[in-house]
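Residue numbers (the UniProt record's numbering): 1 to 588.
Structure (structure tokens):
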């Protein structure tokens, strides 16, 4: 497979036969696992044409080119394809760190589906690939990436993310009851659509941890016994929160043991044909999980079915050895995408020019800072939005309260050129989904968001990101900025900074291998011209907040009254229950 050729840069860098390099350079302080010190990096912007991707199923190639409009694989997709041998190799687990918008989801989805097209006898409809994500929105987004690929090769796909009832999800997972040919609750292919006419469970499942645990515990016929791939997306967040201890419970079920897997025995002396003439024990050829049973004096090797391959993914991959070792990775490889040398300056100082692979930004991203006082922030924001009228812009704040206030303020501006929507965890799910749909369709051009929006939400054609409140952490900056400049498109991010923010902000950017942001030039008269409109908007904002507080108070009083009434009913019922046996005894 032809992959992008890279120049060898820096000391200790080695270029391999496929154009990828390993480098001993790594940013950040603290302990780092040895395999993370030599990331396999490939420069962004150098794709691989679909027709040159060796081993790709012709149905998938056709779907990518004709239906989805892909003409080439992005660099991270090409790198993962190579190091997984198109999904056919179980020699390595993969850790993938690449900028948001670089195509990470398709990077693991394509080789995974490609590998499952080689149907083993009796394996159709058995769960062989599991993708775990922290939130329902992210799970639904990844499901949408898998769906056309699975449809193209007649694999059944299920979404397990509390978007439907557990019973409906269970039917998708197990294929019971039999489907009629329409799409089921999870959106995957039904058994009849797969052409078998019999009940079939899901081949691929995209899940959130909570619902996954619920089905593993309570859905008969659903297990990880035949699993071949485990993908953990947004690994930092999933490791940071317990999510019902999902990880140790899943790992316990997929750990290969001789008594659970079908196995056969080979005498140690018996010759085995290994790929490329290699010998057993060569990690590059370890396509089978091999375990020596305790106290085994006979020299018998246990060859189980192919082990479960793990793929962990994040734009800000953790380097904490203790966290990574919880994953029990097998002979891992660290794949990182980095901007080409010199592109950072050309793109406005951003681009994650380092090769550490921990914090990486697209080279097509232009990064700016704009110094202003807290009192002038609303004026500056309004001036920017007027200057960018008609362009899609996400405005990030540091709190739910500020998100709501800023949304109300912008909506109150009488001559605001573009419609505004709010996206935060306090907005009801249905309203939040509708607002995001308006933003995606272009009906609304400005979206005010809390940091709940930063991770993984895929919105095409976002041209601008404004950090109304400067982020505290480097990974927050990376995830916010990653909402724009996706899939090779250009974009810009502007951070509004107070004087007291500057020192910490510069220190934070150094952690992201980013030492230079250009100053954004905004004409002072444009800023001052916003004062009359802002004064009216702030007056309306105060009135709206007073009305909301009054409504909240009224709702709280109603809830208290309902609770009191419920308690009184329960008390009367208990009294009646106690009196009933006494009355019955008196009648007797």
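For glycine and all other residues, C-beta sits at the position ideal for the given N, C-alpha and C.
A contact is defined here as three or more CB-CB pairs under 8 Å, and the stretch 145-163 fails this definition with respect to the stretch 234-242.
Ranked by Cα distance from residue 418, the first of 97, 448, 399 is 448. Beta-carbon to beta-carbon, residue 409 and residue 378 are separated by about 7 Å, close enough to satisfy the 8 Å threshold. Distance from the Cα of residue 126 is smallest, within the candidate group 569, 160, 174, 474, for 174. Minimum Cα-Cα distance from residue 133 among the listed residues 446, 534, 223, 230 corresponds to 230.
Our two residues, residue 157 and residue 207, have alpha carbons roughly 11 Å apart in a direct line. Relative to the Cα of residue 170, the nearest Cα in the group 210, 57, 218, 152 belongs to 218. DSSP places residue 217 within a helical segment (H, G or I) once states are collapsed to three. Nearest to residue 318 by C-alpha distance, out of 334, 309, 307, is 334.
Separation of residue 160 and residue 550 (C-alpha to C-alpha, rounded to the nearest whole angstrom) is 39 Å. Residue 369 has 495, 519 as its beta-bridge partners, per DSSP. By the neighbour-count definition (other C-beta atoms within 10 Å, threshold 16), residue 54 is an exposed residue.
Judged by pairs of C-beta atoms under 8 Å, the stretch 476-496 touches the stretch 363-380, as three or more such pairs exist. The Cβ-Cβ distance between residue 498 and residue 373 falls below 8 Å. Here the C-alpha atom of residue 311 lies approximately 7 Å from the C-alpha atom of residue 96.
Bridge pairing for residue 394: 447, 465 [DSSP].
By the C-beta criterion, the stretch 431-440 is judged not to be in contact with the stretch 499-507, since fewer than 3 inter-stretch pairs fall below 8 Å. In this structure, 77 is the residue among 77, 63, 33, 67 with its C-alpha nearest to the C-alpha of residue 313. Counted as a single uninterrupted DSSP element, the alpha helix (DSSP H) harbouring residue 250 occupies residues 246-254.
If you look at residue 62, you'll find it in the alpha helix (DSSP H) that goes 58-62. If you look at residue 108, you'll find it in the alpha helix (DSSP H) that goes 104-116. C-alpha of residue 103 to C-alpha of residue 464: approximately 19 Å in a straight line.
DSSP places residue 405 in the uninterrupted alpha helix (DSSP H) bounded by 400-412. Cβ-Cβ separation between residue 483 and residue 467: approximately 11 Å, too far for a contact (criterion under 8 Å). Taken in chain order, the unbroken stretches of beta strand (DSSP E) that lie wholly in the stretch 300-329 and span 3 residues or more are 300-303, 309-314. Bounds of the beta strand (DSSP E) holding residue 229 are 229-233. Of the other Cβ atoms in all chains shown, 16 or more fall within 10 Å of the Cβ of residue 150; this residue is therefore buried.
Three or more beta-carbon pairs drawn from the stretch 523-537 and the stretch 378-390 are found closer than 8 Å, and the two stretches are therefore classed as touching. Cβ atoms of residue 422 and residue 407 come within 8 Å of each other, at about 4 Å. Taken in chain order, the whole beta strand (DSSP E) runs of length 3 or more contained in the stretch 128-159 are 129-132. For the pair residue 114 and residue 40, the CB atoms are not nearer than the 8 Å cut-off.
The Cβ-Cβ distance between residue 48 and residue 64 does not fall below 8 Å. Of the other Cβ atoms in all chains shown, 16 or more fall within 10 Å of the Cβ of residue 82; this residue is therefore buried.
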